[in-house]
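Protein chains in written order, with my numbering: chain A, 919 to 1431; chain B, 1261 to 1574.
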């Protein structure tokens, strides 16, 4: 008994040392990423939530993947050919690709995934609405037949976000429109799903059966080499905590840091700043179906003319490095960059706006602007614009609700005249939500109807670009949406990480120095 | 005592029934819909309707309530739409964090708030009392998130003494994981300890003005014995009920602290589920919180009797 306390003390010291050593051993192979919040189910085909895509990209793969210039490159596909003027697409698959269950991926899995994506996938209709059949025409060959050619088909199946992720045949067939269950999170990616602890983390681990492509990693395309044994995606909702967590060494990477911290973090040696090269952009949707703005292009142009977009961007995003008052829908440096119509982007001419409003017979009736406070930038932009529009005699009434309410209300055309959202970077115009006539806003004028058909059915890239120029011109004329400007989000990482990807947070090809 | 307990159980059941109806009605009256949040930006009306039907959200609200209530009586709180897991296990996971956090906070509150409150009362009117009361007022006024962020900055980012955020379960990493809760419990304890301090001080001063205290002093009993036997014990009633409700509130309302420290607790679970309209989780958690409040209320009432034999339970 006399030795009790000292034995106890030794035990405690031993325990603490052991847990320290275990922690050290884990640290060598575990990457901890602080995400902005808890994801929805990781059925990436159904959801377009970025927080699900970031995790899902490690687990699921697509037939093509976007390289650093956002050009689709083969991923699970080996090569492809089109026949019948673009109406028949034949895709040869890579052989020897394994699912996390160990089973080989074949054409049957791709057909089942494509069928489910066409019926229930968030972006499935963009391609599959025109599909007349999709068949396995060989063990490793899939043939898709369309009623009309689609010039963007490869871009439409080159990302997991609401996209054609390849699931095993039985899972895709049985799931229908319900999100797939956690036990069915089976993909072909370099990491496989391990567990999801609510509000603690989602964990994935290295898939030993993964065979990377021979081409060097470029953007999301090429070889995907997993150097961490495990990755934990940890929801850390407070931005201050995400920053302190990386500084303290509790996280290796933290997403979506606020603009006010950009300058100080850029000089901080305990973190490295990673600015994305794919800007998001704020969008103000006009109601084309009902209300005061329906077909009232003059009043819409009056609203557009009154605004100074730079002011809103400065308020919403802070330092100049993080935003760009760019009128082209696609940023400079991408194949879709266009200046057509962009001179009307940010005129800030209240006098001319007043004249246009008068010509549109506007007499001061309230214009209802639906906005959510869940995204601070949306609210900041709306507040600045409401003030600027008041200067031009345009009476905007902000309706401030939470995001879930906004998502429901915007589907009801009688509830609003303008609503605020943002759009992620899109590799092809067909992925822009406002070109979809069934998306709230419901832009479906005869002019856009024919240009949209032209954009879909043309396969020559130069011809498609010229159609896009005409569409951008039309956007500034009919104003179905107003682009606020490009915002470059940024993440921070431990200085020990190398090989970070500016296309978005993915952790293959990332290792420690 | 037993008949009292039975009566209380009866009223508890009625309260629970009423609470379950109110919770259900309010959650479904709020606009918004989990399907929109789940499917995201580009879902078509057909996809939305199909999934709503799959999840049974297109049924009449009364039918939805009866189905849910029936399952609850069988001990099944349903499945979370977003976590794809049984609500009970989601709550149990959050409850571990919240209970440990609340307990640690209450220990700080008891260790800091009560003795300092006693000292302030005994030294009533002196500079010491003024200083302590003023300090308490300051602590009660500073927002918890601010205290939390500074605790993280100083003790995690600069000094590295404690982890900045998160909480791995003690069932996985052992009791050493309690170190994750030190900073959040301190942040939460600051305002609560200040309130308990002021309450202890005030109720001790109230009691010290009673006739029996004057009599005790007149009898020549030593001052610290007057404080211990006559003032402190009688002043304890108010403090104990405050403890009960503070604890209950900490279990469910520590949302700001849980958010700042990224803790997987109940408060954050509720708010997050409300924002995403994860109906089964909101309903389940609020029902559990109501049960916890009712239980703590009962325990506090019963403890009055133990502390003060004059209290009759009816």
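Yeah, the Cβ is synthetic: ideal placement off N, Cα and C, and Gly gets one too.
- In the DSSP assignment, residue 1387 of chain B falls within the alpha helix (DSSP H) that extends over 1387-1401.
- Distance from the Cα of residue 1026 of chain A is smallest, within the candidate group A/1186, A/989, A/1009, A/1394, for A/1009.
- Taking 8 angstroms as the upper bound for CB-CB distance, residue 957 of chain A and residue 1203 of chain A are not in contact here, some 25 angstroms apart.
- For secondary structure counted as the alpha helix (DSSP H) over 4 or more consecutive residues, the stretch 1057-1094 of chain A holds these complete runs in sequence order: 1071-1074, 1087-1093.
- Burial of residue 1358 of chain B is indicated by the presence of at least 16 other C-beta atoms within 10 angstroms of its C-beta.
- A buried status is given to residue 1222 of chain A, since no fewer than 16 other beta-carbon atoms sit within 10 Å of its beta-carbon.
- Residues of the same chain with a CB within less than 6 angstroms of the CB of residue 1311 of chain B, apart from the 5 flanking positions on each side, are 1295 in chain order.
- In chain A, no part has a C-beta under 8 angstroms from the C-beta of residue 1379 of chain B; the shortest such distance is about 33 angstroms.
- The Cβ-Cβ distance between residue 1253 of chain A and residue 1383 of chain A falls below 8 angstroms.
- Going by DSSP, residue 1404 of chain A is part of the beta strand (DSSP E) stretching over 1399-1405.
- Within the same chain, Cβ atoms closer than 7 angstroms to the Cβ of residue 1258 of chain A are found at 1387, 1390, 1391, the five residues on either side in sequence being excluded.
- Assigned with DSSP and collapsed to three states, residue 1410 of chain A falls in strand.
- Boundaries of the alpha helix (DSSP H) harbouring residue 1276 of chain A: 1268-1277, taken from the DSSP string.
- Take residue 1414 of chain A, set aside five residues on each side of it, and the residues of its chain with a beta-carbon closer than 6 angstroms to its own are 1430, 1431, in chain order.
- Here residue 1231 of chain A is actually not in contact with residue 1367 of chain A; their C-beta atoms are around 32 angstroms apart, not less than 8 angstroms.
- Residue burial is scored here from C-beta neighbours: residue 1330 of chain A has fewer than 16 other C-beta atoms within 10 angstroms and is therefore classed as exposed.
- Short of 6 angstroms from the beta carbon of residue 1216 of chain A, and not among the five residues preceding or following it, lie these beta carbons of its own chain, in chain order: 1274, 1277, 1278.
- Within chain A, not a single residue places a beta-carbon under 8 angstroms from that of residue 1548 of chain B; the smallest gap is close to 15 angstroms.
- Under the Cβ distance rule, residue 1391 of chain A does not count among the residues neighbouring chain B, no pair being separated by less than 8 angstroms.
- Residue burial is scored here from C-beta neighbours: residue 1282 of chain A has fewer than 16 other C-beta atoms within 10 angstroms and is therefore classed as exposed.
- Only those residues of the stretch 1294-1324 of chain A whose C-beta falls short of 9 angstroms from the nearest C-beta of chain B are listed: 1319, 1320, 1321, 1322, 1323, 1324.
- Shown here, residue 1317 of chain A sits in a strand according to DSSP, grouped into three states.
- When secondary structure is reduced to three states using DSSP, residue 1502 of chain B falls in the helix class.
- Distances from the alpha-carbon of residue 1071 of chain A to those of A/1095, A/1261, A/1376, A/1398 put A/1376 closest.
- Taking 8 angstroms as the CB threshold, residue 1544 of chain B stays off the interface with chain A.
- Taking the beta carbon of residue 1099 of chain A as reference, the chain B residues within 9 angstroms of it are 1344, listed in sequence order.
- Ranked by Cα distance from residue 1447 of chain B, the first of B/1409, B/1507, B/1501, B/1491 is B/1409.
- Across the set A/1378, A/1193, A/1363, the C-alpha of A/1378 shows the shortest separation from the C-alpha of residue 1004 of chain A.
- Here DSSP, grouped into helix, strand and coil, assigns residue 1121 of chain A to strand.
- Around the beta carbon of residue 1470 of chain B, fewer than 16 other beta carbons lie within 10 angstroms, which makes this residue exposed.
- For residue 1338 of chain A, the beta-bridge partners assigned by DSSP are A/1202.
- At a cut-off of 8 angstroms between C-beta atoms, residue 1117 of chain A counts as an interface residue with respect to chain B.
- The CB of residue 1166 of chain A comes closer than 7 angstroms to the CB of 1416, 1417, 1420, 1424 in chain B, given here in chain order.
- 8 angstroms or more divides the Cβ of residue 1369 of chain B from the Cβ of residue 1540 of chain B.
- For residue 1032 of chain A, not one C-beta of chain B is nearer than 8 angstroms to its own C-beta.
- The C-alpha of residue 1006 of chain A lies about 9 angstroms from the C-alpha of residue 1065 of chain A.
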